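Undergrad: Same order as they appear, the protein sequences are chains A and B. Positions 1 to 339 (full-length UniProt numbering) are the ones given, in order, by the first sequence. Positions 1 to 339 (full-length UniProt numbering) are the ones given, in order, by the second sequence. Glycine included, every Cβ here is placed at the ideal spot set by N, Cα and C. These numbers were taken from a predicted model, which means no experiment stands behind them.
Number of protein chains: 2
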Amino acid sequence: MSIQTPATIEDVARLAEVSIATVSRAIHNPEKVAKSTRQRVNQAIAITGYTTNAMARSLRMGRSNMILVLAPDIGDPNFSSILIGLENEARAHGYGVLIGHTQNDPERGLEYLKFLNSNQAAGLLLFTGHAPFGHQEMTQRLPPSVAVFEPVFGSTIPYVGVDDTAGARKAAEYLLSAGHRRIAFIGDSKTRLGHLRRRRGYDLALDAARIPPEQRMVIDGEGTIESGRLAVEQLFMRDTLPTAFMCVNDATAVGVMNGLSARGYDLPKDFSVIGFDDVPQATYLNPALTTIRQPRSAIGRQAMALLLQSLSQPLAESREVLIMPDLVVRGSVTSPAKR
Amino acid sequence: MSIQTPATIEDVARLAEVSIATVSRAIHNPEKVAKSTRQRVNQAIAITGYTTNAMARSLRMGRSNMILVLAPDIGDPNFSSILIGLENEARAHGYGVLIGHTQNDPERGLEYLKFLNSNQAAGLLLFTGHAPFGHQEMTQRLPPSVAVFEPVFGSTIPYVGVDDTAGARKAAEYLLSAGHRRIAFIGDSKTRLGHLRRRRGYDLALDAARIPPEQRMVIDGEGTIESGRLAVEQLFMRDTLPTAFMCVNDATAVGVMNGLSARGYDLPKDFSVIGFDDVPQATYLNPALTTIRQPRSAIGRQAMALLLQSLSQPLAESREVLIMPDLVVRGSVTSPAKR
DNA sequence: GATCGGTATGTAAACCTTTACATCGCATAT
DNA sequence: ATATGCGATGTAAAGGTTTACATACCGATC
């Protein structure tokens, strides 16, 4: 019941009647110690319940086997399955994963940076844009880092994520192929790189279909449910309406569908909606949301692989790994209503 | 551009022309060092960009200022706001928070336990039931721990969470007051303590209203969306139907509403549904879900407070802190349809 | 002027590892 | 019989802190 202090390597050594060096070797280089000795050591370990003090180990070795994942919002529905990808890959290479939640607060970011500076983690994974600290000075002594899911704005940190442009283009093309010509883009942004690229995919597709710019409607938004709802209101103050809503992400799409339902429209009969991300809820909307699927676990896996690789040899140039997403057809897109 | 090794306390000492002891004191016990010296040290710190190596510090002191939060599923929509409560409270006391994701895998739990054994974290917060490791041996040398959101089954670990029984009772009473008499309970469980208690709240309320046991319908379920959907199917194989569904949590309610819509029913006209938790999506369902709101940030705050307190003086007995939840009325409950 | 008390600082040990280097035995080659 | 080499083990330093204890200094007290 009482908390005894954990056994140290010395306790094991004493019990096995060897030196601490031998214990250490028996654990990490078993082939370097005689079989009989090894057995005695292992027995002693079992008896004492010894588990090596990772902190002392990292202090001595100048590197740990933990990777820190920094996320501004762990509630992001994309995060959890990306994380699983990250973890599986890390695990396969003998690394553990810890998560830090910055809440977009630079102070908290700094706190975790100290954690890194103390070698308590060997590498850093940045989830969703924005470096978590004033990057000028700190970037200097940053450990190996990789951005995942969204590139870090204005930095050269290597990035692994979806091919936003191509994905958005697929979405727009699907809308076009269903017969839509007046397609609104909801969730335009000046600062979020991933969203900028999705906007570009939209433009590319509409250019190719020779939809003139004046038939395009583009509404700003920060990619939240609320922003989608708002966009509907703004759009209804205009004289012409779109027949389809292409949303920068699923959250926006939820807001749009909500706003439309609230106005008494019947989806997908009256309007088509398409999203981007394929968040878990997408299936449970009514109608179920047609969207672009983020290959989340692949992204996680590859991001971690890149990071782990850069631990041994620093990456040459800044790199971007883009993964192609697929269209997921559900019920929210139909041919445009005649009106 | 190149990664220089971080400055150590020695670098600072040399620059300020004092001993390392004085530097350490200047940082942690400023009143113990002369003003002029302190200034020199601070200057040196600024120049070198020194930040104390938390690992060496913890190694020496035998305790860190990080708290580890272990979650089997960080995708749980309840997790994120509880976490914020935890973090804010921790921060106010000079502690940082790290998250470990166990995915219900005991191996991973063990890995994080090693982390704790190395004093890399001073305390442990267990989110949502189930100790993350075979607890017999390990429980012995567990650091101060608190369970949050759901008690750990069959353990004496202190617990902070919602008053499930009282909350469920509120829900059932609301349904009764709306005129319902045939109320089904969806999501019964034998192993999840929190769910057991919600079931109890249901029984208590129906007892008080003198609803005979044969009019109660109780369907098993593990609290997932899918389980809710399934429950609807099971229920429709019976001869009598309920007029209202009381769901063990919101996820189940989503499944139930989905199943009902799929069968062509019109909610809330044909059936009433009530949930428990008030997850963020609850507002966006159609109809918006009437439910019991988890006081999430309060739970987080109090759990961390309890843990931090138990760091200085071990808790006497096993404790449970139960917080009373409120009913949130939205659109999914009406009077029963006449049929 | 010697003693005392108090404040400011320094010295060195301790926390728990890993690992370069040294040592020891023993078998093989000469 | 001596030299050589090799495998198994031990010794001790190093990694960056904190802190008990020792020292040095200075002003005040007798």
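(1) Under the three-state reduction of DSSP, which class applies to B/PHE153: helix, strand or coil?
(2) Applying a beta-carbon distance threshold of less than 7 Å, which residues of chain A neighbour B/LEU51?
(3) Should A/GLU31 and A/PRO151 be called a contact, given that it needs their Cβ atoms to be closer than 9 Å?
(4) Below 9 Å between beta carbons: does that hold for A/LEU285 and A/ASP270?
(5) Start and end of the beta strand (DSSP E) containing B/ASP326?
(6) Determine whether the Cβ of B/LEU15 lies closer than 9 Å to any Cβ atom of chain A.
(7) Listing by chain order, which chain A residues have their CB less than 7 Å from the CB of B/GLU111?
(8) Which chain A residues are close to B/GLY275, counting only those with a beta carbon under 8 Å from its beta carbon?
(9) Please determine if the segment 28-42 of chain A and the segment 87-98 of chain A are in contact, where contact requires at least 3 C-beta pairs separated by less than 8 Å.
(10) For A/HIS28, count neighbouring Cβ atoms within 10 angstroms of its own Cβ and tell me buried if that reaches 16, exposed if not.
(11) When you check each C-beta in the segment 242-263 of chain B against every C-beta of chain A, which residues fall closer than 8 Å?
(12) Is the Cβ of A/LEU83 closer than 9 Å to any Cβ of chain B?
(13) Mind listing the chain B neighbours of A/GLN120? Cutoff is C-beta to C-beta under 8 Å, in chain order.
(14) On the three-state DSSP scale, how would you describe B/THR291?
(15) Counting contacts by CB-CB distance shorter than 9 Å, is A/GLN309 in contact with chain B?
(16) Return the Cβ separation of B/GLY187 and B/ASN249 in integer angstroms, given the expectation that the two are a contact with Cβ distance under 8 Å.
(17) Between B/PRO280, B/ILE323, B/VAL333, which has its C-alpha nearest B/ASN78's C-alpha?
(18) Leaving out the 5 sequence neighbours to the left and right, which residues in its chain are closer than 6 Å to A/ALA26 when beta-carbon positions are compared?
(19) Name the DSSP bridge partner or partners of B/GLU320?
(20) Short check: CB of A/LEU306 to CB of A/PRO143, under 9 Å?
(21) Sort A/LEU315, A/VAL218, A/VAL69 by Cα distance to A/ARG182 and report the nearest one.
(22) If you measure from the beta carbon of B/ARG108 to each beta carbon in chain A, is any gap under 9 Å?
(23) Run down chain B in chain order and give the residues with a C-beta less than 9 Å from the C-beta of A/GLU89.
(24) If we cut at 9 Å on Cβ distances, does A/SER155 have a partner in chain B?
(25) When the Cα atoms are used, what is the spatial distance from B/ALA253 to B/GLY275?
(26) At the level of alpha carbons, what is the spacing between A/GLY221 and A/SER332?
(27) Quick check on DSSP: helix, strand or coil for B/PHE236?
(28) List the residues of chain B that A/LEU59 touches, going by C-beta distances under 9 Å, in chain order.
(29) Thinking B/GLY201 and B/THR165 are a contact (beta carbons under 8 Å), I'd like their distance in whole angstroms, please.
(30) Check whether the Cβ atoms of B/VAL328 and B/ILE292 sit closer than 9 Å, and answer yes or no.
(31) Would you call A/ALA44 buried or exposed, if buried means 16 or more other Cβ atoms sit within 10 Å of its Cβ?
(32) Alpha carbon to alpha carbon, how far is B/ASP11 from B/ALA56? Give it in angstroms, no decimals.
(33) Against chain B, does A/GLY221 count as a neighbour if the rule is that its beta carbon must be under 9 Å from one of theirs?
(34) Starting from the Cα of B/SER81, find the closest Cα among A/LEU83, A/ASP73, A/GLU87, A/ASN258 and give me that residue.
(35) Looking at the C-beta of A/ASP73, does it have a partner C-beta in chain B at a distance below 9 Å?
(36) With a cut-off of 8 Å on the beta carbons, I'd call B/THR51 and A/ASN117 a contact; round off their distance for me.
TA: Per the coordinate set shown:
(1) Along the second sequence, read from residue 1 onward, the residue named residue 153 of chain B stands at position 153. Three-state result, B/PHE153: coil.
(2) Position 51 of the second sequence holds residue 51 of chain B. Residue identity differs from the one stated: residue 51 of chain B is Thr in this sequence, not Leu. In chain order: LYS114, ASN117.
(3) As a first step, residue 31 of chain A must be located in the first sequence, where it is residue number 31. As a first step, residue 151 of chain A must be located in the first sequence, where it is residue number 151. Contact: no.
(4) The residue labelled residue 285 of chain A in the question sits at position 285 within the first sequence. The residue labelled residue 270 of chain A in the question sits at position 270 within the first sequence. No. Outside cutoff.
(5) Taking the first residue of the second sequence as position 1, residue 326 of chain B is located at position 326. It spans 326-328 - the beta strand (DSSP E) in which B/ASP326 sits, taken as one unbroken run.
(6) Position 15 of the second sequence, counted from the first residue, corresponds to residue 15 of chain B. No, its Cβ sits nowhere closer than 9 Å to a Cβ of chain A.
(7) Here residue 111 of chain B corresponds to residue number 111 of the second sequence, with the count starting at 1. Result: GLY96.
(8) As a working mapping, residue 275 of chain B is identified with position 275 in the second sequence. Result: empty, since nearest Cβ-Cβ is about 14 Å, beyond 8 Å.
(9) no
(10) For the purposes of this step, residue 28 of chain A is identified with residue 28 of the first sequence, where counting begins at 1. Exposed, since its Cβ has fewer than 16 Cβ neighbours within 10 Å.
(11) VAL254, ASN258, SER261
(12) Walking along the first sequence from the start, residue 83 of chain A turns up at place 83. Interface residue, yes.
(13) In the first sequence, counting from the first residue as 1, residue 120 of chain A sits at position 120. By Cβ distance, chain B contributes ALA54, MET55, GLN120.
(14) Stepping through the second sequence from its first residue, residue 291 of chain B is reached at position 291. Here B/THR291 sits in strand by DSSP.
(15) Start at 1 with the first residue of the first sequence, and residue 309 of chain A comes out as number 309. No, because no Cβ of chain B sits closer than 9 Å to the Cβ of A/GLN309.
(16) One-based indexing of the second sequence puts residue 187 of chain B at position 187. One-based indexing of the second sequence puts residue 249 of chain B at position 249. With a beta-carbon spacing of about 7 Å, B/GLY187 and B/ASN249 fall inside the 8 Å limit used to define contacts.
(17) As a working mapping, residue 78 of chain B is identified with position 78 in the second sequence. The shortest Cα separation from B/ASN78 among B/PRO280, B/ILE323, B/VAL333 belongs to B/PRO280.
(18) On the first sequence, position 26 is the one that residue 26 of chain A refers to. So the qualifying residues of the chain are VAL33, ARG38, VAL41.
(19) As a working mapping, residue 320 of chain B is identified with position 320 in the second sequence. B/GLU320 pairs with B/TYR159.
(20) Mapped onto the first sequence, residue 306 of chain A falls at position 306. Mapped onto the first sequence, residue 143 of chain A falls at position 143. In this structure, A/PRO143 does not lie closer than 9 Å to A/LEU306 by Cβ.
(21) Taking the first sequence and counting its residues from 1, one reaches residue 182 of chain A at position 182. The residue with the shortest Cα to Cα distance from A/ARG182 is A/VAL218.
(22) Position 108 of the second sequence, counting from 1, holds the residue named residue 108 of chain B. It does: the Cβ of B/ARG108 has a partner Cβ on chain A nearer than 9 Å.
(23) Your numbering for residue 89 of chain A matches position 89 in the first sequence. The contacting residues do not exist; A/GLU89 stays about 14 Å from chain B at best.
(24) Within the first sequence, residue 155 of chain A is the residue found at index 155, counting from 1. Cβ-Cβ to chain B under 9 Å: no for A/SER155.
(25) The residue labelled residue 253 of chain B in the question sits at position 253 within the second sequence. The residue labelled residue 275 of chain B in the question sits at position 275 within the second sequence. Their backbone Cα atoms lie some 6 Å apart in a straight line.
(26) As a position in the first sequence, residue 221 of chain A is number 221, starting the count at 1. As a position in the first sequence, residue 332 of chain A is number 332, starting the count at 1. The straight-line gap from Cα to Cα measures roughly 21 Å.
(27) In the second sequence, the residue the question calls residue 236 of chain B occupies position 236. Three-state result, B/PHE236: coil.
(28) Locating residue 59 of chain A in the first sequence gives position 59, where the first residue counts as 1. Residues of chain B passing the Cβ test: ASN53, MET55, ALA56, LEU59.
(29) As a working note, residue 201 of chain B is residue 201 in the second sequence. As a working note, residue 165 of chain B is residue 165 in the second sequence. That pair is a contact at about 4 Å.
(30) Taking the second sequence and counting its residues from 1, one reaches residue 328 of chain B at position 328. Taking the second sequence and counting its residues from 1, one reaches residue 292 of chain B at position 292. For B/VAL328 and B/ILE292, yes; Cβs fall inside 9 Å.
(31) For the purposes of this step, residue 44 of chain A is taken as residue 44 along the first sequence, with counting starting at 1. Answer is buried; the Cβ neighbour count reaches 16.
(32) Working through the second sequence from its first residue, we reach residue 56 of chain B at position 56. Working through the second sequence from its first residue, we reach residue 11 of chain B at position 11. Spanning the two alpha carbons is a distance of roughly 16 Å.
(33) Within the first sequence, numbered from 1, the residue matching residue 221 of chain A stands at position 221. Closer than 9 Å: no.
(34) Here residue 81 of chain B corresponds to residue number 81 of the second sequence, with the count starting at 1. Ranking A/LEU83, A/ASP73, A/GLU87, A/ASN258 by Cα distance to B/SER81 puts A/ASP73 first.
(35) The residue you call residue 73 of chain A lines up with position 73 of the first sequence. Interface residue, yes.
(36) To locate residue 51 of chain B, count along the second sequence from 1; it is residue 51. To locate residue 117 of chain A, count along the first sequence from 1; it is residue 117. With 8 Å as the limit, B/THR51 and A/ASN117 qualify as a contact, their Cβ atoms being about 5 Å apart.
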